Amino acid sequence: MGDITQALRSAQSGLLANQTALNIVSQNVANVNTPGYSRKIIQQQSVVLAGQGAGVSIADFTRVVDSGLLKSIRQELGELNNVSVQEGYFQRLQETFGTPGDNTSISHILEEFKEAAELLAVSPDRILEQSELVRQAQAAVEKLAAMSRTIQDLRLQADQQIAAVVSEMNQLTADIDQLNDDIIRFGSTGNDTTDLEDQRDNKIDRLSELVDIRFFSRNDGDVVVFTSSGLTLVDTIPPTITHESAAAMSSTSTVASGQIDGIYVGERLAINDLTTQARGGQLAGLLEMRDDVLPNLQSQLDELAAQLRDQINLVHNRGTPYPGHQELTGQRIFALPQEQTISLSGTDDVAIVLMDADGAQTISIRLSEILSGTGNGQTFGDGTDDSGGITITEMAARLEDFFQLNGAPSASVTLNDQSQLSINLNNTALGFGFRDETGSADGSDFEDASIQFDKDGDGTVDETISGFSSFFGLNNLFVDGLAENIYDSNVLSSSFVSTSAVLSFRDANTPDTGSGPEYLGQVVIPAGATLQQIADLINNGGTDTSGMFYPVGAPVAGTSFPAVENITASVIPDGSGFRLRIAHDDGRSFTITHSASPGGAPATAGTTLLSELGMKEADVRVSSAISVREDIISAPSLVSSGRLEFDSTKGQAGEYLTSPGSNGVAQELSAMLSNSNSFAVSGGLPSLNVSFSEYASSIIARSSSLADTNDRQISSQRTLTESLQFKSDSIRGVNLDEELADLIVFEQAFSAAARVISVIQEMIDRLEQAVA
Numbered sequence: 003m004g005d006i007t008q009a010l011r012s013a014q015s016g017l018l019a020n021q022t023a024l025n026i027v028s029q030n031v032a033n034v035n036t037p038g039y040s041r042k043i044i045q046q047q048s049v050v051l052a053g054q055g056a057g058v059s060i061a062d063f064t065r066v067v068d069s070g071l072l073k074s075i076r077q078e079l080g081e082l083n084n085v086s087v088q089e090g091y092f093q094r095l096q097e098t099f100g101t102p103g104d105n106t107s108i109s110h111i112l113e114e115f116k117e118a119a120e121l122l123a124v125s126p127d128r129i130l131e132q133s134e135l136v137r138q139a140q141a142a143v144e145k146l147a148a149m150s151r152t153i154q155d156l157r158l159q160a161d162q163q164i165a166a167v168v169s170e171m172n173q174l175t176a177d178i179d180q181l182n183d184d185i186i187r188f189g190s191t192g193n194d195t196t197d198l199e200d201q202r203d204n205k206i207d208r209l210s211e212l213v214d215i216r217f218f219s220r221n222d223g224d225v226v227v228f229t230s231s232g233l234t235l236v237d238t239i240p241p242t243i244t245h246e247s248a249a250a251m252s253s254t255s256t257v258a259s260g261q262i263d264g265i266y267v268g269e270r271l272a273i274n275d276l277t278t279q280a281r282g283g284q285l286a287g288l289l290e291m292r293d294d295v296l297p298n299l300q301s302q303l304d305e306l307a308a309q310l311r312d313q314i315n316l317v318h319n320r321g322t323p324y325p326g327h328q329e330l331t332g333q334r335i336f337a338l339p340q341e342q343t344i345s346l347s348g349t350d351d352v353a354i355v356l357m358d359a360d361g362a363q364t365i366s367i368r369l370s371e372i373l374s375g376t377g378n379g380q381t382f383g384d385g386t387d388d389s390g391g392i393t394i395t396e397m398a399a400r401l402e403d404f405f406q407l408n409g410a411p412s413a414s415v416t417l418n419d420q421s422q423l424s425i426n427l428n429n430t431a432l433g434f435g436f437r438d439e440t441g442s443a444d445g446s447d448f449e450d451a452s453i454q455f456d457k458d459g460d461g462t463v464d465e466t467i468s469g470f471s472s473f474f475g476l477n478n479l480f481v482d483g484l485a486e487n488i489y490d491s492n493v494l495s496s497s498f499v500s501t502s503a504v505l506s507f508r509d510a511n512t513p514d515t516g517s518g519p520e521y522l523g524q525v526v527i528p529a530g531a532t533l534q535q536i537a538d539l540i541n542n543g544g545t546d547t548s549g550m551f552y553p554v555g556a557p558v559a560g561t562s563f564p565a566v567e568n569i570t571a572s573v574i575p576d577g578s579g580f581r582l583r584i585a586h587d588d589g590r591s592f593t594i595t596h597s598a599s600p601g602g603a604p605a606t607a608g609t610t611l612l613s614e615l616g617m618k619e620a621d622v623r624v625s626s627a628i629s630v631r632e633d634i635i636s637a638p639s640l641v642s643s644g645r646l647e648f649d650s651t652k653g654q655a656g657e658y659l660t661s662p663g664s665n666g667v668a669q670e671l672s673a674m675l676s677n678s679n680s681f682a683v684s685g686g687l688p689s690l691n692v693s694f695s696e697y698a699s700s701i702i703a704r705s706s707s708l709a710d711t712n713d714r715q716i717s718s719q720r721t722l723t724e725s726l727q728f729k730s731d732s733i734r735g736v737n738l739d740e741e742l743a744d745l746i747v748f749e750q751a752f753s754a755a756a757r758v759i760s761v762i763q764e765m766i767d768r769l770e771q772a773v774a
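Numbering (our numbering), first residue to last: 3 to 774.
Now the structure itself:
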């Protein structure tokens, strides 16, 4: 009886094993078209009890998967999504930037601006040509603003998409962690976990599309997932990934300055920030677009806009509209006008002329006389000789005295609430104008005067600017309304190191109240400091290791100094290099100058660091802020097509005048727009000496090249990924012919086991009958 019972149990095990096998086959057939499903196989083994065969059992449930190929696919999926996520952004850029030949492209618009200047030079007194110049100037700045808006809109879109990716990553890592737990739990009891493993693989596949990942499996079936840079995403307890999307984006928004949030895996520490560590997947592609491609294009646009503004304004400030200016407001903002001074360089001088309604001189004076305090038998301001340097406030007072004493008693020359020089004759019968000259005699040759500017009033010239009117920005054609609250260096290499210097920072809240100037801070920069070290010293303070400046007045090596108040410095990537950016936290205009070491100091501070850095008021934001001056838009006749001329036959020794047919400035505008100009390294474009339209074409060509490269990369990467995916599917996918063959085998085995049970049952029945 024992042998019969054992035979029954063996047949029963065969029945159950083949029933399970048939269930696996049915699962395979049912999921033949299910994406990510891998073919399942059961491994059977014989059961031996006390050295005797006891039937069959299921040894294991396995999947047909090539693990090495799966790793390769995930890496290539990351690369494919890295480039494909950028496709829509490049398409949007192409729609906005166009091609150089498009009528709406910035290069074409600048060509039309040049042609308008050429026509104005031919007919400077015609309102049609004046209006056309203004119209084309407006078209140029509006196009620049539209391009800049598109760039910043796309950066914001990329940042919002990054936030969505981060949210999905958190969900995927939580799901993978839960599946890990389920696989370990069910696997430890011998249950089939292959379907759970398929689900986990699908989650990991999707995660690999979002970020570059690496992974390995433990013996218990657990899978650990981490980024290629080593940040753990899934282990015992998956860390939460955080990123706060920006509410708005501007050209000054950067991760380095803290205006864009990082992507932190776990604690919000710099070492856990994925922003600079992501190397693949959608996350890397979006970060590259937000922090590299789009900011570089913005930098190129700002360089174009800034050069257009500066060069056109330099020329336009040489001119005077017929029959003269009634009122002008400068664009330069003075942080400390009661201390900042200007002076003339060498023999340069400026004629300041009042004219009647016909453009004829009524009286003139030299700027050198204004600086000396006397001229034409009159005294101006406090009457002291300030030829070595006159403060901006005293300069305004003396100009006002000159106008009021010579026919415009209601004239005002003041610094407005933004600390800009504002001139208003308040007399419609008179006009005024300026003419820079090479000497102090009336009628000297025209040449832009060199204006020496002491930015901090310490008696040292910090900057030299060409043109008196241009220095103040009085007769600018283009304005931007930007405060001098951000300074940028040139694009520098990562290997840049500094010379020694003491940098001093001041704004309107640090005036000299009689006991000496106050400072937002004074920072000691040692020789050999990197850009980041300079930024850290400004932000955090440091130690005057060599004794160049601290303690103030009696330096001692090793003295510490504090951070600069209300100032933030950061290192901003730009193309293949970096810029040092220094910004005022409150948006105020401020100054950066060198300070000298006191006598007897253990070490002497250098005075060339700012020039080595190329530190100047930042061009960032210009393309989005530049516009044509409002009064010129309202009255195109204010366009300065000619300059003040000198007629030696008039009066006793010659007089100045302006006429409606004067076209000297219009010719110079045309030449400026036609000839080559120097453009600095920006956004990956090298230093170029080309025309404005040619530089604009370079920007468009750069954008088109990036878009074409992206298309090629997508095509190449998609072909490779699909090839690997096809190979993987041919291995892990369900083959219906094989499954039908297995179905027949398992069906026959099941039937045979059932027949054995039936025969044994009959034997038992007969045995019971015989016994009865």
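Even glycine gets a Cβ: it sits at the ideal position worked out from N, Cα and C.
Everything numeric in this text was worked out from a predicted model, so none of it was measured.
- Cross-strand partners of N526 (DSSP beta bridge): Per the sequence presented here, residue 526 reads as Val, with Asn not at that position. DSSP, once it has assigned bridges, lists V504 as partnering V526.
- Item | Cβ-Cβ separation, R41 to V66 (assumed contact under 8 angstroms), whole Å | That pair is a contact at about 4 angstroms.
- Item | Residue range of the beta strand (DSSP E) that includes H596 | 592-596 is the extent of the beta strand (DSSP E) around H596.
- Leaving out five residues on either side along the sequence, give the residues of the same chain with a beta carbon under 8 angstroms from the beta carbon of S661. The answer, listed in chain order, is Y324, G361, G644, E647.
- Query: Short check: CB of L72 to CB of I108, under 8 angstroms?
  - Reply: For the 8 angstroms CB-CB criterion, L72 and I108 do not form a contact.
- Message: Would N691 and S678 qualify as a contact pair, given that the criterion is a beta-carbon distance under 8 angstroms?
- Response: Contact flag set, yes.
- Task: Check each candidate in T106, T64, V257, N298 and name the one with the smallest Cα separation from L198.
- Result: Taking only the C-alpha atoms, the option nearest L198 is T64.
- Task: Measure the alpha-carbon distance for R320 versus L296 and round it to whole angstroms.
- Result: Their backbone Cα atoms lie some 36 angstroms apart in a straight line.
- From V622, V683, T532, A510, residue whose alpha carbon lies closest to that of G577: Looking at V622, V683, T532, A510, the one whose alpha-carbon comes closest to that of G577 is V683.
- Task: Would you tell me roughly how many angstroms separate the C-alpha atoms of I354 and V317, rounded to the nearest one?
- Result: Distance between the alpha carbons of I354 and V317 is about 18 angstroms.
- Inspect the beta-carbon positions of R334 and G475 and report whether they are closer than 8 angstroms. Yes. Within cutoff.
- Straight-line gap, I584 to L79 (C-alpha atoms, nearest Å): A straight line joining the alpha-carbon of I584 with that of L79 spans about 40 angstroms.
- Query: Between which two residues does the alpha helix (DSSP H) containing S725 stretch?
  - Reply: Counting along the chain, the alpha helix (DSSP H) containing S725 begins and ends at 694-734.
- Message: Would V499 and F551 qualify as a contact pair, given that the criterion is a beta-carbon distance under 8 angstroms?
- Response: The answer is no: Cβ separation not under 8 angstroms.
- Task: Measure the alpha-carbon distance for S86 versus N712 and round it to whole angstroms.
- Result: One C-alpha to the other measures close to 8 angstroms.
- Query: Taking the alpha carbon of V566 as the point to measure from, which residue in R590, I540, V573 has its own alpha carbon closest?
  - Reply: Relative to V566, the option among R590, I540, V573 whose CA is nearest is I540.
- Going by alpha carbons, who is nearest to A698 out of S15, G268, A142? The option with the nearest alpha carbon to A698 is A142.
- C-beta contact flag for G549 and P604 at 8 angstroms: With respect to P604, G549 sits close: the two C-beta atoms are nearer than 8 angstroms.
- Using 8 angstroms as the threshold, is the region 433-440 in touch with the region 465-474, meaning 3 or more CB pairs across them? Yes, since at least three Cβ pairs between the region 433-440 and the region 465-474 fall closer than 8 angstroms, the two stretches touch.
- Task: For the beta strand (DSSP E) holding A142, just list the boundary residues, first then last.
- Result: Counting along the chain, A142 falls outside any beta strand (DSSP E), though it belongs to the alpha helix (DSSP H) covering 129-189.
- Query: For Y776, which of D183, A165, T256 has the nearest alpha-carbon?
  - Reply: The shown model of the chain, from 3 to 774, leaves out residue 776, and the question about it has no answer.
- Message: Can you look up I354 in the DSSP assignment and give me helix, strand or coil?
- Response: If DSSP states are grouped into helix, strand and coil, I354 belongs with the strands.
- For the alpha helix (DSSP H) that Y91 lies in, which residues bound it at each end? Per DSSP, the continuous alpha helix (DSSP H) segment holding Y91 begins and ends at 89-99.
- Item | Every unbroken alpha helix (DSSP H) inside the region 604-638 [4 residues or more] | Those alpha helix (DSSP H) runs which fall completely within the region 604-638 and span 4+ residues are 611-615, 624-627, 632-636.
- Message: With DSSP as the reference, identify every bridge partner of A362, one or two as the case may be.
- Response: According to DSSP, A362 bridges with L659.
- Cβ neighbours of T381 in the same chain (closer than 7 angstroms, five flanking residues each side left out): Contacts found: G375.
- N-terminal and C-terminal residue of the beta strand (DSSP E) that K42 is part of: It spans 42-51 - the beta strand (DSSP E) in which K42 sits, taken as one unbroken run.
- Message: Counting beta carbon pairs with one atom in the region 277-288 and one in the region 225-232, are three or more of them shorter than 8 angstroms?
- Response: Segments in contact, yes.
- Could you pull the start and end residues of the beta strand (DSSP E) that T229 belongs to? Per DSSP, T229 is one residue of the beta strand (DSSP E) stretching across 225-229.
- Task: Might you give, ordered along the chain, the residues of its own chain that have their beta carbon closer than 8 angstroms to the beta carbon of S386, omitting 5 neighbours on each side?
- Result: Looking at the sequence itself, residue 386 is Thr, so the reference to Ser does not match. Exclusion of the five residues before and after T386 leaves G375 as the residues of its chain whose Cβ lies within less than 8 angstroms of its Cβ.
- Between F507 and F592, which are expected to be in contact by the criterion C-beta below 8 angstroms, what is the C-beta distance as a whole number of angstroms? Under the criterion of beta carbons closer than 8 angstroms, F507 and F592 qualify as touching, at roughly 6 angstroms.
- Message: Rounded to the nearest angstrom, what separates E749 and L24 at their Cα positions?
- Response: One C-alpha to the other measures close to 7 angstroms.
- Comparing alpha-carbon positions, which option in I60, P240, S707 lies nearest I26? Measuring C-alpha to C-alpha distances from I26 to each of I60, P240, S707 identifies I60 as the nearest.
- Task: Within its chain, find whatever has a CB closer than 7 angstroms to the CB of G735; leave out the 5 residues flanking it on each side and keep chain order.
- Result: The answer, listed in chain order, is R41.
- Item | Segments of 3+ residues assigned as beta strand (DSSP E) that fall wholly inside the region 448-490 | If we require 3 residues or more, the beta strand (DSSP E) runs fully inside the region 448-490 come out as 452-456, 465-468, 488-490.
- Item | Which listed residue (E764, D127, A250, D203) has its alpha carbon closest to that of I75 | For the residues E764, D127, A250, D203, the minimum Cα distance to I75 belongs to D203.
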